[in-house]
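One structure is given here, and the rest of the page talks about it.
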Amino acid sequence: MNRLSWFNTVSLTLGFAFLYIPMVILVIFSFNASKLVTVWAGFSTKWYGELLGNEAFLDAAWVTLKVAVLSSSIATVLGTMAAYVLVRGGRFLGRTLFSGMIYAPLVMPEVITGLSLLLLFIGIGLDRGVLTIVLAHTTFSMCYVSVVVSSRLVTFDKSLEEAALDLGCSPAQAFRLVTLPIIAPAVISGWLLAFTLSLDDLVIASFTAGPSSTTLPIKIFSAVRLGVSPEINALSTVMISIVTVGVIAASLVSKRSMVRQQKDEQEAARAQ
Amino acid sequence: MRRFLLIAVPYFWLLALFLVPFVIVFKISLSDIALAIPPYTPTLDFSAGWAGVRAFFSALDFENFTWLTQDDLYWKAYLSSLWIALISTAITLAVGYPIAYAMARAPEEWRPTLMMLVILPFWTSFLIRVYAWMGILSQEGFLNQFLMWLGIINEPLTILNTNTAVYIGIVYTYLPFMILPIYAALDRLDESLIEAAEDLGCSRLSAFWLVTVPLSRNGIAAGSFLVFIPALGEFVIPSLLGGSGTLMIGKVLWEEFFSNRDWPVASAVAIILLAILVIPIVLFQRNQQKQAEAEQ
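Okay, structure coming up:
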């Protein structure tokens, strides 16, 4: 079927309008000259200027970025290890508990994760700050990384690793030279996922942050509670643009590498 | 040795930062509130030796759980969270299914772009997407302006800070989670089955109900769980879009902890919420397993 029926066209149009109109309105009104977010009073970029001059927001953005880079990097290492253990590790004591602990955080309500981690940090007397947010974010995002990476590990041919081992690689070398390059795209998307989850998180960060380590979502949340403000619209626009550019770039890169892979496979098939 | 480290590092990380915290929550849910730091009693005192441990355990009780059943607020909040999560899952399914269906029927070369358009909002900040609706739903917001301009209403409607706004917020933010699994199921569907049904005398509509819907059952189940489970414990949406009348358990827990500083009751609220969530989570897990087996 190549043409869409009118019903399908209508549902696609309405569906995407519903998904995108709120964000478009948000972006448009970040350029509004008036303080009132709902009444248009001419074009202006002054809210972006105010945003740049707002120390509190810039500080929070810096904390958020630090936390996101640190936690997503640690989570990628731990999550990849966990995925490898789950898919290739064979049997070991407490395997069921381990896989349960990997999947449970994915469906855990954030309020519970946040509360339980906070009670732990207080219990062991760890002062709340950047470190505690990083620990908290690493814990839930490593589970996401592990799910993404293990879904790639499941589909990839184990005999490649075995061939490397037969040809004299140590297990570590086989992992570094054969496995890692093949699962690299999944590891990278795992990192990106962990990074965005960390940037985005309000609830868990609110529980685990100290007074000196406010993250951007906490800042936005406390500002937004008082009502809509054009400065938040400007900040949202900046964040939406970064994500849009990032996602489009990532999809172009993956498309290109897919085309290249197909070409390689075709050539390999011809060479045989 | 290497294998041991490979297993031990993530294992102990999760034990220390996932399992142990739960044991602590459980323990505190059995404690009593106290004017102290930390604000609950008893605290485990190892210096007193065996007597200290015994005193600790004898001071634990289920008082907080009894309290939860006595005060109307809590069970009403649980019921209303279940209700809100259920209704919004149903609406999300009704909105998401036609979109997923149309995507699966769209020309092959459009599909990657359509997929990206569904995924893009998911990468965008959750908080910002909820915030966007505050400006739309308020008294002088765009929706009211638009409806008045159309002449449908004369007076602005009150939508923001009501349960309606919460429904809209949940449907909007979780829609991609519903669309993607249903799309995946419909994409795999063999179209000749529908043609066969039509050849055998089914009308288009009955072919849809008798063939397409049953065959996308797994996608519907997965999508519904992915919306229902997080919606049940949702905090951000009810606190930004909901009003004082919106009772959701995630918000109650937050306020119990941050405003009332009653940690034992907050912990008990969390334990009950988990107990409720176990049922849909186990069902979800089973659905995923069945799907994985079907694929093999």
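Those protein sequences? They're chains E and A, same order as listed. Quick note on numbering: our numbering labels position 107 of the first sequence as 107, and the sequence is numbered without any gaps. The number in our numbering is simply the position in the second sequence, starting from 1, with 1000 added. Cβ atoms here follow ideal geometry from the backbone N, Cα and C, with glycine treated the same way. Everything numeric in this text was worked out from a predicted model, so none of it was measured.
Give the straight-line distance between the Cα atoms of residue i and residue j, rounded to the nearest whole angstrom.
i: A:D1190; j: A:Q1145; result: 46 Å
i: A:L1137; j: E:F29; result: 15 Å
i: E:S34; j: E:V253; result: 40 Å
i: A:A1266; j: E:S206; result: 15 Å
i: E:S251; j: A:K1027; result: 47 Å
i: A:G1135; j: E:P109; result: 27 Å
i: A:G1223; j: E:I204; result: 24 Å
i: A:G1096; j: A:V1213; result: 13 Å
i: A:S1203; j: A:P1107; result: 24 Å
i: A:P1038; j: A:N1260; result: 14 Å
i: E:V27; j: A:G1243; result: 26 Å
i: A:V1282; j: A:L1019; result: 18 Å
i: A:V1252; j: A:A1196; result: 53 Å
i: E:L193; j: A:P1010; result: 19 Å
i: E:T38; j: E:K46; result: 17 Å
i: E:V238; j: E:G15; result: 24 Å
i: A:S1080; j: E:D201; result: 25 Å
i: A:A1221; j: A:G1233; result: 19 Å
i: A:W1149; j: A:I1159; result: 17 Å
i: A:F1062; j: A:N1163; result: 33 Å
i: E:T138; j: A:Q1289; result: 27 Å
i: A:F1177; j: E:D166; result: 43 Å
i: E:T113; j: E:Y103; result: 13 Å
i: E:L97; j: E:F43; result: 57 Å
i: E:F57; j: E:F221; result: 12 Å
i: A:A1102; j: E:R128; result: 48 Å
i: E:M1; j: A:R1105; result: Only weak support is given to the placement of E:M1: the predicted model assigns it a pLDDT of 46, under 50, and the question is left unresolved by the model.
i: E:N278; j: A:L1175; result: Here chain E has residues from 1 to 272 only, and residue 278 of chain E is not among them.
i: E:L51; j: E:S159; result: 55 Å
i: A:D1257; j: A:W1013; result: According to the sequence provided, residue 1257 of chain A is Phe. The question's Asp does not apply to it. Straight-line Cα distance between these residues: approximately 26 Å.
i: E:I232; j: A:M1116; result: 26 Å
i: E:G190; j: A:A1207; result: 40 Å
i: A:L1006; j: E:Y84; result: 9 Å
Let me see if you follow: with CB-CB separation under 8 Å, is residue i close to chain E or not?
i: A:G1223; result: no
i: A:V1265; result: no
i: A:V1020; result: yes
i: A:L1157; result: no
i: A:M1134; result: yes
i: A:E1198; result: no
i: A:I1220; result: no
i: A:F1142; result: yes
i: A:P1038; result: yes
i: A:P1351; result: In the structure as shown, chain A begins at 1001 and stops at 1296. Residue 1351 of chain A is therefore absent and cannot be evaluated.
i: A:G1243; result: no
i: A:V1282; result: no
i: A:W1149; result: no
i: A:L1068; result: no
Can you find a heavy atom of the ligand SAM that lies under 7 Å from the Cβ of residue i?
i: A:L1127; result: Absent from the structure shown: the ligand SAM. Ligands present: none.
Would a check of beta-carbon distances place residue i closer than 8 Å to chain A?
i: E:S96; result: Correcting the residue identity first, residue 96 of chain E is Thr in this sequence and not Ser. Taking Cβ atoms only, chain A never reaches closer than 8 Å to E:T96, which makes this a no.
i: E:V253; result: no
i: E:A82; result: yes
i: E:F31; result: no
i: E:F195; result: no
i: E:G42; result: no
i: E:F92; result: yes
i: E:G168; result: no
i: E:P185; result: no
i: E:E231; result: no
i: E:E110; result: yes
i: E:M258; result: no
i: E:S159; result: no
i: E:L153; result: no
i: E:N2; result: Reliability fails at E:N2, whose pLDDT of 47 lies under 50, so the model's placement of it is uncertain and no value is given.
i: E:N8; result: yes
Which residues does DSSP list as the beta-bridge partners of residue i?
i: A:I1033; result: A:Y1040
Going along the chain, which unbroken runs of the alpha helix (DSSP H) with 4 or more residues stay wholly within the stretch 1090-1128 of chain A? 1111-1123
Contact between the stretch 172-186 of chain E and the stretch 222-229 of chain E (3+ Cβ pairs under 8 Å): no
Count Cβ pairs between the stretch 1163-1172 of chain A and the stretch 1086-1096 of chain A that sit closer than 8 Å; are there 3 or more? yes
Fully enclosed by the stretch 13-78 of chain E, which alpha helix (DSSP H) runs are 4 residues long or longer? 46-53
Would you list, in sequence order, the uninterrupted alpha helix (DSSP H) runs of no fewer than 4 residues that lie entirely inside the stretch 78-164 of chain E? 95-107, 110-123, 130-155
Would the stretch 1122-1133 of chain A count as touching the stretch 212-226 of chain E if we require 3 or more Cβ pairs under 8 Å? yes
Runs of alpha helix (DSSP H) lying entirely within the stretch 1184-1256 of chain A, each at least 4 residues, in chain order: 1191-1199, 1204-1207, 1217-1232, 1236-1240
Give, in chain order, every unbroken run of the alpha helix (DSSP H) that is at least 4 residues long and sits entirely within the stretch 1122-1183 of chain A. 1126-1137, 1142-1150
Could you name each continuous alpha helix (DSSP H) segment of 4 residues or more that falls completely within the stretch 216-241 of chain E, going from the start of the chain to the end? 216-224
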